[in-house]
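Chemist: Residues in the sequence shown are numbered from 0 upward in steps of one, following numbering that gives the first Met the number 0. Let me begin by handing over the structure; questions about it come next.
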Amino acid sequence: MTTATLQFVDTPDGPFAILADEADRVIVSGWTADADAVLGRLRPAHRPTDVAAGRTSAADAVRAYYDGDHAAIDTVAVAQHGTPLQRAGWDALRCIAPGEPLTYTGFAAALGAPSAVRAAASVCARNAVALFVPCHRVLRGDGTLGGFAWGPEVKQRLLAREGARR
0 MTTATLQFVD
10 TPDGPFAILA
20 DEADRVIVSG
30 WTADADAVLG
40 RLRPAHRPTD
50 VAAGRTSAAD
60 AVRAYYDGDH
70 AAIDTVAVAQ
80 HGTPLQRAGW
90 DALRCIAPGE
100 PLTYTGFAAA
110 LGAPSAVRAA
120 ASVCARNAVA
130 LFVPCHRVLR
140 GDGTLGGFAW
150 GPEVKQRLLA
160 REGARR
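Below, the structure is given as C-alpha cells:
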C-alpha cells in the first residue's frame, strides 16, 4: 500500500481516528488524535508510505453509531493482516451483537476452540480496527472489563451505550 487517508471524527469518547487504505477499507481505528499512535498499531511492513488527511466513508458509520445506530459499523469494510486464526477471530467479533458481550471463554468457544482462551484474548489485543471489529464486546470470565487498547473508560462507555447486559 502506498497512500492511506487519515480522518479524525469528534465523538463523546474523544477524537476517533480512522486510517483507510486506497480502497477506503479501514486498516486502523481508535480513540486518539495522535497520528503516530494510529500508525503504531500497524506492523512496519504494513504501514503506508504516505498518509494524507481526508475523508473516509467509515466516518459516517461512526457518527451513526454514536447517534444510536449500533449496526452502522457492521458493514464498514476493513482490512487486517494476520494469521488464519486471527482473521477468523476478527470475523467472529463482528458477529457479537451489541448489548450481548461474550467472555473470553465464550469467544474461544465461538471460534471452535473452547480451551484456547489465551489465543482468543490475543485476537482481541491484535485487533487494529476498534469499533468496526468490536473487540470491546469481550469481557473477562468474571464479567469485568479486561483490557482494551484505548482504555477501560472507553470500553465501559461503549458497552453502556450498547446496553450491555453483564
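Glycine included, each C-beta is placed from N, C-alpha and C at the ideal position.
Tell me whether residue 27 sits in a helix, a strand or coil according to DSSP, three-state version.
Modeler: Residue 27: strand per DSSP, three-state reduction.
Chemist: Measuring alpha carbon to alpha carbon, tell me which of 141, 8, 45 and 12 ends up nearest residue 79.
Modeler: Among 141, 8, 45 and 12, the Cα nearest to that of residue 79 belongs to 45.
Chemist: Which first and last residues belong to the beta strand (DSSP E) in which residue 2 is found?
Modeler: Its beta strand (DSSP E) spans residues 2-10.
Chemist: Please list, in chain order, all residues of the same chain as residue 130 whose beta carbon is under 8 Å from its beta carbon, the five residues on each side excluded.
Modeler: These residues qualify, in order along the chain: 15, 28, 29, 61, 64, 72 and 157.
Chemist: For residue 157, list the residues DSSP reports as bridge partners.
Modeler: None, per the DSSP bridge assignment.
Chemist: What are the boundary residues of the beta strand (DSSP E) that residue 53 is part of?
Modeler: No beta strand (DSSP E) holds residue 53; DSSP gives it neither H nor E.
Chemist: With DSSP collapsed to three states, give me the class of residue 84.
Modeler: The answer is helix: DSSP assigns residue 84 an H, G or I state.
Chemist: By the DSSP assignment, the alpha helix (DSSP H) with residue 120 in it spans what residues?
Modeler: That run of the alpha helix (DSSP H) goes 116-124.
Chemist: Can you tell me which of 139, 48 and 33 puts its alpha carbon nearest to the alpha carbon of residue 105?
Modeler: Out of 139, 48 and 33, 139 has the C-alpha closest to the C-alpha of residue 105.
Chemist: Quick one: Cα of residue 160 to Cα of residue 94, how far?
Modeler: Straight-line Cα distance between these residues: approximately 18 Å.
Chemist: Residues in its own chain within less than 7 Å of residue 19 by CB, not counting five upstream and five downstream?
Modeler: Hits under 7 Å: 3, 4, 25, 26, 55 and 57.
Chemist: Contact criterion: CB-CB distance below 8 Å. Does residue 12 meet it with respect to chain B?
Modeler: The displayed structure is made up of one protein chain only, and chain B is not part of it.
Chemist: Would you check if the distance between the CB atom of residue 101 and the CB atom of residue 133 is smaller than 8 Å?
Modeler: Taking 8 Å as the Cβ cut-off, residue 101 and residue 133 do not qualify as a contacting pair.
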